[in-house]
Structure formats: C-alpha cells, structure tokens
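Notes follow once the structure below has been shown.
There are 2 protein chains.
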Amino acid sequence: MKWPTIVGYIAAISTTVAFIPQLIKSHKTRQTKDISFGMYLLFCFGLLMWTIYGIALKSAPIILANIVTLAMGIYILILKSKHG
Amino acid sequence: MKWPTIVGYIAAISTTVAFIPQLIKSHKTRQTKDISFGMYLLFCFGLLMWTIYGIALKSAPIILANIVTLAMGIYILILKSKHG
Numbered sequence: 005m006k007w008p009t010i011v012g013y014i015a016a017i018s019t020t021v022a023f024i025p026q027l028i029k030s031h032k033t034r035q036t037k038d039i040s041f042g043m044y045l046l047f048c049f050g051l052l053m054w055t056i057y058g059i060a061l062k063s064a065p066i067i068l069a070n071i072v073t074l075a076m077g078i079y080i081l082i083l084k085s086k087h088g
Numbered sequence: 005m006k007w008p009t010i011v012g013y014i015a016a017i018s019t020t021v022a023f024i025p026q027l028i029k030s031h032k033t034r035q036t037k038d039i040s041f042g043m044y045l046l047f048c049f050g051l052l053m054w055t056i057y058g059i060a061l062k063s064a065p066i067i068l069a070n071i072v073t074l075a076m077g078i079y080i081l082i083l084k085s086k087h088g
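Going down the list, the protein sequences come from chains A and B.
To convert a position in the first sequence, counted from 1, into this note's numbering, add 4.
To convert a position in the second sequence, counted from 1, into this note's numbering, add 4.
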C-alpha cells in the first residue's frame with residue numbers, strides 16, 4: 005500500500021471515530037445546549053452527499069466512513085432535538 | 005461537469021460550511037461545556053491527515069475544504085480550552 009493511501013485511511017478513521025466521544029458525552033449528560041443544531045443539520049446533509057458521491061465513484065472507503073459518521077451525526081441531532 | 009463531481013462539491017462545501025454556525029455560537033456565548041474536547045482534537049488531527057492526503061493527490065478541492073475546516077476546528081478547540 006502506498007503512503008498516501010495509508011494517510012487517507014488514517015484520515016477517514018480519525019474524522020469518523022472523532023464523533024464517538026461527542027456521542028457518548030451527549031448521550032450520558034443529556035446536555036446539548038452548547039451544540040449547534042445548524043452545524044449537525046448541514047453536516048449530516050453533507051455526509052449524505054459524500055455517501056452518494058462514494059456510491060457514484062464505487063469507493064467503499066468513502067461510502068463506509070460517511071455512512072458511519074452520518075449515523076452518529078443523526079443520533080447527536082436527535083439528542084439535540086430532544087434536550088435543546 | 006459530471007453529476008458525481010457536482011455532488012462531491014456540494015458535499016465538500018456542506019461539511020465545511022457546517023462548522024460556521026458552531027463557531028459563531030461558541031464564539032458568542034463563550035459556552036462550550038457540552039462540546040467534546042476529544043471529538044475536536046481527533047477531528048482536527050483527521051483533517052490534517054486529509055490535507056496531507058490532498059497534497060499527495062494534488063487535489064485542490066480536498067486541500068482547500070480540509071484546510072478551511074481545520075482552521076475552524078482549531079478555533080473551536082481553542083474556545084473549548086479557554087471556556088471549558
């Protein structure tokens with residue numbers, strides 16, 4: 005595997021896994037006041053677009069990374085909607 | 005321009021612009037308690053990796069989108085460090 009591919013995988017894993025601590029924090033504390041609803045709404049829309057882009061390109065890493073992040077983003081958005 | 009390219013641009017713009025409402029909110033309110041430090045730390049690291057990946061691929065859209073998001077991510081991280 006060439007080094008840019010490895011860096012690409014590290015990048016994809018990092019920006020996906022990054023949402024786990026936020027998800028856990030928001031789930032546990034039920035406190036989402038300081039989180040921007042607009043950010044997660046637009047971010048989730050963007051992730052859906054990235055997923056469609058990945059499908060068009062038949063790129064499994066793009067599809068996978070974005071679907072996982074999208075699922076977490078939607079959950080954070082639900083928590084935000086519930087707890088304000 | 006082919007449709008997947010257009011979708012890719014919409015995706016890149018959306019996931020970048022998404023951080024503007026969070027940045028404005030955190031800057032104005034100075035309240036960052038509900039935001040996960042770990043998320044932004046890992047996310048910024050990931051964005052740096054995406055930027056390096058973009059440089060290796062000589063892809064201007066990847067470099068640009070990620071450098072802009074990285075700058076916003078670092079600023080949110082600084083606000084979080086200051087306001088807890």
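Here a beta-carbon is modelled for each residue, glycine too, at the ideal position from N, C-alpha and C.
Beta-carbon gap between residue i and residue j smaller than 8 Å
i, j, result
"I78 (chain A)", "C48 (chain A)", "yes"
"S18 (chain B)", "M43 (chain A)", "no"
"V11 (chain B)", "Y57 (chain A)", "yes"
"K29 (chain A)", "S40 (chain B)", "yes"
"T55 (chain A)", "G88 (chain A)", "no"
"L27 (chain A)", "I71 (chain A)", "no"
Residue i classed as buried or exposed, judged by whether at least 16 other C-beta atoms fall within 10 angstroms
i, result
"T33 (chain B)", "exposed"
"T9 (chain B)", "exposed"
"G50 (chain A)", "buried"
"M76 (chain B)", "buried"
"A15 (chain A)", "buried"
"K86 (chain A)", "exposed"
"K6 (chain B)", "exposed"
"K62 (chain B)", "exposed"
Contact with chain B by residue i, beta-carbon distance below 8 Å
i, result
"S85 (chain A)", "no"
"K32 (chain A)", "no"
"V11 (chain A)", "yes"
"M76 (chain A)", "no"
"L51 (chain A)", "yes"
"P25 (chain A)", "yes"
"L46 (chain A)", "yes"
Cβ-Cβ separation, residue j to residue i (assumed contact under 8 Å), whole Å
i, j, result
"L46 (chain A)", "A22 (chain B)", "4 Å"
Chain A within 8 Å of residue i, Cβ atoms only
i, result
"K62 (chain B)", "no"
"G88 (chain B)", "no"
"V21 (chain B)", "yes"
"P65 (chain B)", "no"
"A69 (chain B)", "no"
"Y57 (chain B)", "yes"
"M43 (chain B)", "yes"
Give the list of continuous beta strand (DSSP E) stretches no shorter than 3 residues that lie fully inside the segment 43-68 of chain A. none
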